[in-house]
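Right, one structure below, let's go through it.
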Amino acid sequence: MTELGSAPVSPLGPEDHVSGPASAAVVIEYADFECPYCAVLSARLAATSLRRAFRHFPVRSSHPRAWPAACAAEAAGLQGRFWEMHDLLFADQGRLEDPHLWQRARELELDLERFDEDRRSDEVIARVRRDFESGIRAGVVTTPTVWAAGVLHPGKIDEGVLDRLGRGAGRDTRYHPLRSD
Amino acid sequence: MIEPGSPAPEFTLARGDGEKFTRADLEGTTTVLVFYPFAFSPVCTDQLNLYHEVRDEVAARGATLYGVSCDATWSQTAFREQLGVAIEQLSDFEPKGETCRAFGVYHPGGFPQRALVIVDPDGVVKWSYQAASPGDLPGANLIFDGLAT
Chain A
5 MTELGSAPVS PLGPEDHVSG PASAAVVIEY ADFECPYCAV LSARLAATSL
55 RRAFRHFPVR SSHPRAWPAA CAAEAAGLQG RFWEMHDLLF ADQGRLEDPH
105 LWQRARELEL DLERFDEDRR SDEVIARVRR DFESGIRAGV VTTPTVWAAG
155 VLHPGKIDEG VLDRLGRGAG RDTRYHPLRS D
Chain B
15 MIEPGSPAPE FTLARGDGEK FTRADLEGTT TVLVFYPFAF SPVCTDQLNL
65 YHEVRDEVAA RGATLYGVSC DATWSQTAFR EQLGVAIEQL SDFEPKGETC
115 RAFGVYHPGG FPQRALVIVD PDGVVKWSYQ AASPGDLPGA NLIFDGLAT
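As you go down the protein sequences, you meet chains A and B in turn. Numbering-wise (the working numbering), the first sequence opens with residue 5 and increments by one. Numbering-wise (the working numbering), the second sequence opens with residue 15 and increments by one.
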């Protein structure tokens, strides 16, 4: 039985998708690809010098295409293109059906057969579920939710928080250096 | 609100099919009553969507989730169907709020507080929680904390 009781936001690990300078302050975003506020947040984070980690938090009855989109991003990640698929998914949230996912995979020159097999695999589903469950345990209730400097910020994050983190305030040094993927 | 260790009060709620749901339905199983203010309101929508996503894990612990509000059964059914969630809804419509009052979760504004009550198979309250404000959404982690007590 999966443990889902309260727990702090889990530390970054090798399975996390992380980008940004290793020395920068860390933010962890719980998001889904069908959420328009998540797309806005993603664009804002991309414009900062923060070190960001993306974790899936798809809620099917809110956003029915969020789960398949999350699995597509993970399948692209297995071919080394997670962040590129992440960007393409957020760039056009009105097109998240299977043919649109295949089109993105072609655009990224992925092995399409492998992509399609991977995105339906138990491994990928478990990977997405792992992120979701870490969010549940931390008390995430909506997307986007940002963890920054030890605090969860549900919904739209205040402009000042990211600005302050970008200037180095609230830097969290509990995490070990991580690889980017 | 009702405290852990208290026997669940006598109450009657209406199920979507018109049948009654009473204290007797609590016996023999663990029950999670999710009191929420209003069908179709934004936070209640997010809450039921979120809890629906963990319902299998709740069931794996031998418990069943129910949504409880003062909305009419027709409204609750429409709400549940629009969301596509499987959590059964129980109506405290008439006499309005009587069950909410019995559990100590009736808001003076005329709607349920946002509250969670877990009742054990013997009909005794195992755990209870009321959000600081009806606008606050309790994380699903709290349900699992409550079930583990």
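Just so it is clear, CB atoms sit at the ideal spot from N, CA and C, and this is done for glycine as well. A quick note: this is a predicted structure, and the numbers were derived from the prediction, not measured.
- Message: So, at 6 Å on beta carbons, what are the nonlocal neighbours of Ala28 of chain B in its own chain, with the 5 sequence-adjacent residues on each side left out?
- Response: Walking along the second sequence from the start, residue 28 of chain B turns up at place 14. Within the same chain, Ala28 of chain B has close Cβ partners Thr87, Ser105.
- Which residue comes first and which comes last in the alpha helix (DSSP H) that contains Phe94 of chain A? For the purposes of this step, residue 94 of chain A is taken as the residue at position 90 of the first sequence. It spans 86–95 - the alpha helix (DSSP H) in which Phe94 of chain A sits, taken as one unbroken run.
- Indicate the three-state DSSP secondary structure (helix, strand or coil) for Ala77 of chain B in the structure shown. Along the second sequence, read from residue 1 onward, the residue named residue 77 of chain B stands at position 63. It is a strand residue.
- With a cut-off of 8 Å, does the C-beta of Thr149 of chain A fall near any C-beta of chain B? Within the first sequence, the letter at position 145 stands for residue 149 of chain A. Output row for Thr149 of chain A: interface = no.
- Using a Cβ-Cβ cut-off of 8 Å, state whether Leu49 of chain A counts as contacting chain B. Position 45 of the first sequence, counted from the start, is the residue given in the question as residue 49 of chain A. Cβ-Cβ to chain B under 8 Å: no for Leu49 of chain A.
- Query: Since Leu130 of chain B is in the beta strand (DSSP E), which residue starts that stretch and which ends it?
  - Reply: Numbered from 1 along the second sequence, position 116 holds the residue referred to as residue 130 of chain B. That run of the beta strand (DSSP E) goes 129–133.
- Message: Using 8 Å for Cβ pairs, my map puts Asn63 of chain B next to Ser66 of chain A. What's the rounded Cβ distance?
- Response: Translated into positions along the second sequence, residue 63 of chain B becomes position 49. Translated into positions along the first sequence, residue 66 of chain A becomes position 62. About 4 Å separates the two Cβ atoms, so the contact holds.
- Query: Do Val30 of chain A and Leu16 of chain A have their C-beta atoms closer together than 8 Å?
  - Reply: If you number the first sequence from 1, residue 30 of chain A lands on position 26. If you number the first sequence from 1, residue 16 of chain A lands on position 12. Result yes, Cβ atoms of Val30 of chain A and Leu16 of chain A sit closer than 8 Å.
- Query: Over what stretch of residues does the beta strand (DSSP E) that includes Ala35 of chain A continue unbroken?
  - Reply: Taking the first sequence and counting its residues from 1, one reaches residue 35 of chain A at position 31. Ala35 of chain A -> beta strand (DSSP E) spans 30–35.
- Residue from A:Ala74, A:Ser27, A:Val63 with nearest C-alpha to Thr132 of chain A: Counting from 1 along the first sequence, the entry for residue 132 of chain A is found at position 128. It should be pointed out that residue 132 of chain A corresponds to Val in this sequence rather than to Thr. Answer by Cα proximity: A:Ala74.
- Query: What's the C-alpha gap between Phe158 of chain B and Glu111 of chain A?
  - Reply: If you number the second sequence from 1, residue 158 of chain B lands on position 144. If you number the first sequence from 1, residue 111 of chain A lands on position 107. Taking the straight line from one Cα to the other gives about 43 Å.
- Report the neighbours of Phe158 of chain B on chain A: residues whose CB is nearer than 7 Å to its CB, in chain order. For this step, residue 158 of chain B is matched to residue 144 along the second sequence. Ordered by position in chain A, the residues that pass the 7 Å Cβ test against Phe158 of chain B are Leu8, Gly9.
- Query: Is the stretch 32–51 of chain A touching the stretch 134–147 of chain A, taking contact as three or more C-beta pairs under 8 Å?
  - Reply: yes
- Query: Should the stretch 148–155 of chain B be called in touch with the stretch 51–66 of chain B, which here means at least 3 C-beta pairs below 8 Å?
  - Reply: Because the criterion of three Cβ pairs below 8 Å is met, the stretch 148–155 of chain B and the stretch 51–66 of chain B touch.
- Beta-carbon contacts of Ile16 of chain B that lie in its chain and below 6 Å, excluding the five residues immediately before and after: Here residue 16 of chain B refers to the residue found at position 2 of the second sequence. Closer than 6 Å at Cβ, skipping near neighbours: Phe117, Gly118, Val139, Ser142.
- Message: Could you check whether Asn155 of chain B and Ser252 of chain A sit closer than 8 Å to each other, using their CB atoms as the reference points?
- Response: Nothing about residue 252 of chain A can be reported from this structure: the residues present for chain A run from 5 to 185 only.
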